[in-house]
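Quick notes on the structure that follows.
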Amino acid sequence: MQQSNTYIITFSVILTVVLGLLLSGTSQVLGPLQKEAVALDNKKQILGAVISGEEIAAMTPQEVNEYYSNRIASVVVDINGQEVTEREGVAVTAETVDIAKNYKKPAEERLYPVYIFHAEGKPEAAENYILPLYGAGLWDAIWGYVALETDMNTVGGITLAHAGETPGLGARITEPGVQQRYEGKSIYNESGELVAVEMQKGEGKDYSGDPHQVDGMSGATITAKGVNNMLKNYLSYYEAYIESKKSSSSVATL
Amino acid sequence: MSAETIEKKPAEALLSKRRKKLVTDPLIDDNPVTIQVLGICSALAVTTQMKPTLVMAIAVIFVVVMSNLLISLLRNTIPSRVRIIVQLAVVATLVTLVNEVLKAFAYDMYKELSVFVGLIITNCIVMGRLEAFALGNKPYDSILDGFGSALGYSWIILTVAFFRELLGSGAVFGIPVYDYVSGLFGPDFQLATNGLMVSPVGAFMVLGLLIWVQRTKTGYVEH
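And the structure:
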């Protein structure tokens with residue numbers, strides 16, 4: 001049976017419209033749920049920088065939200081470390097800042113959220129400062145959160161995530177074993193310069209004596225480089241804020 | 001496409017012998033993975049753990065059955081010159097639906113399976129069943145056929161995942177079996193996991209062995 005061109009075109013148009021409506025309908029219906037899921041995942045990642053993955057995995061979504069609201073306070077700062085509460089007439093909160101979108105702007109114009117992990121119910125008793133990271137891996141975006149201790153020098157923990165690194169190689173940045181290598185490292189050297197922490201090439205060496213180096217991932221040197229750049233870049237963007245916190249905490253101890 | 005015969009035949013039993021064969025054939029004798037060697041890409045990629053594999057299997061069952069049904073319903077109206085595009089559009093829509101639902105209700109799973117759910121679109125099993133069966137058969141038969149093929153795919157990837165997770169991570173469905181077993185033999189006893197099983201190479205080996213065992217049993221030879 002050979003159909004006419006008109007029939008074929010009509011059929012295609014109807015099919016396209018029906019399928020299109022179906023898809024946009026679902027996306028409309030599921031959109032809010034998906035947003036919630038993404039927000040929850042984001043909170044898990046932020047918390048992942050300060051508490052272990054198993055603890056988070058054991059929590060229900062409600063518990064995660066509760067824990068997050070009890071223990072995390074947040075501010076948004078600009079490149080000079082000044083707090084930003086509104087931009088272009090719109091109120092700014094850390095949770096609404098899209099790191100990926102900000103990444104496309106010049107560094108001076110970006111908004112920089114800071115998540116402050118504090119003792120339960122006591123926002124002034126900060127335990128960790130959690131800073132977001134964003135950069136490029138080998139294939140696609142990588143991002144994460146690094147937690148600094150209150151001395152603003154020691155790394156308390158880090159979470160790393162990726163969009164499409166090679167499974168088994170670069171994708172290993174999500175493994176707890178890799179992320180734990182950063183714990184206890186320092187981002188400032190003895191002369192007070194920001195040097196961040198660098199993942200080295202190759203794997204299996206012991207870097208426990210060096211405060212600025214961690215063991216690499218075999219076969220994933222470019223991803224590791226991406227992580228290094230991301231960490232260094234974002235720490236330098238936050239440097240003004242870090243310095244201000246540093247001086248205020250040293251004043252407090254005097 | 002031939003017009004269907006109008007002459008009345010006695011209604012076929014809901015699960016007649018022929019229909020049962022539609023479901024059972026693809027399980028062993030005409031298995032899409034081990035005999036036709038289709039859908040290998042996802043069989044390698046998602047089978048490091050049982051849980052994502054199960055979700056993947058359910059997603060494939062849903063997509064194959066639904067697309068078979070829809071194409072079979074439309075089979076007399078689909079213009080034959082654009083039938084591949086029509087099939088692709090239907091499959092792509094269904095896969096996108098699965099992806100959206102996963103994203104809304106199982107975000108962790110969505111992240112873990114990531115691109116592989118989308119790749120169901122290009123899974124040869126889906127298009128193969130549409131071309132070979134749904135275009136020329138009635139809806140109910142097409143559902144059975146699709147279900148059979150998807151089930152054949154599912155049990156293979158679940159078996160591969162079972163061995164890969166057990167040997168590679170020492171667990172089944174995330175339950176640390178190795179820890180329990182080594183606990184029985186005292187504190188010094190430890191079962192070592194095999195890192196090879198976690199990498200795609202491990203999937204090749206398990207799948208290869210599975211095909212070997214199966215072909216030894218059924219006596220199937222490729223011509």
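Protein chains in written order, with full-length UniProt numbering: chain A, 1 to 254; chain B, 1 to 223.
Glycine included, each C-beta is placed from N, C-alpha and C at the ideal position.
In summary, the residues of the stretch 96 to 109 of chain B whose CB is separated from some CB of chain A by less than 8 Å are 96, 97, 100, 101, 103, 104, 105, 107 and 108, in the order they occur in the chain. In the DSSP assignment, residue 188(A) falls outside any beta strand (DSSP E), carrying neither H nor E. Beta-bridge analysis with DSSP links residue 74(A) to 115(A). Residue 198(B) reaches chain A at 168, counting residues in chain order whose Cβ is nearer than 8 Å. The beta-carbon distance between residue 135(B) and residue 71(B), rounded to whole angstroms, is 6 Å. This is short enough to meet the 8 Å contact definition. One alpha carbon belongs to residue 154(B), the other to residue 44(B), and they sit about 13 Å apart.
Distances from the CA of residue 77(B) to each of 55(A), 212(A) and 7(A) were compared; the closest alpha carbon is that of 7(A). Within 8 Å of the CB of residue 117(A), no CB atom of chain B is found; the nearest one sits about 22 Å away. In this structure, the beta-carbon distance from residue 93(B) to residue 22(A) falls below 8 Å. Looking only at 149(B), 162(B) and 46(B), the smallest Cα-Cα distance to residue 37(B) is reached by 149(B).
Under DSSP, the beta-bridge partners assigned to residue 134(A) are 143(A). Under the 8 Å Cβ criterion, the stretch 39 to 53 of chain B counts as touching the stretch 172 to 181 of chain B, having at least three qualifying pairs. Per DSSP, residue 160(A) is one residue of the beta strand (DSSP E) stretching across 155 to 162. Annotation for residue 225(A): the continuous alpha helix (DSSP H) segment containing it runs 221 to 237.
Here DSSP, grouped into helix, strand and coil, assigns residue 82(A) to coil. The alpha-carbon of residue 21(B) is positioned some 21 Å away from that of residue 63(B). Remark: C-beta atoms of residue 231(A) and residue 133(A) approach each other more closely than 8 Å. Between residue 50(A) and residue 128(A), the beta carbon gap of about 5 Å places them in contact (Cβ cut-off 8 Å). Contacts with chain B (Cβ-Cβ distance below 8 Å) from the stretch 225 to 250 of chain A involve no residue at all. For the stretch 78 to 92 of chain B, the residues whose beta carbon sits under 9 Å from a beta carbon of chain A are, in order, 78, 79, 80, 81, 82, 85, 86, 89, 90 and 92.
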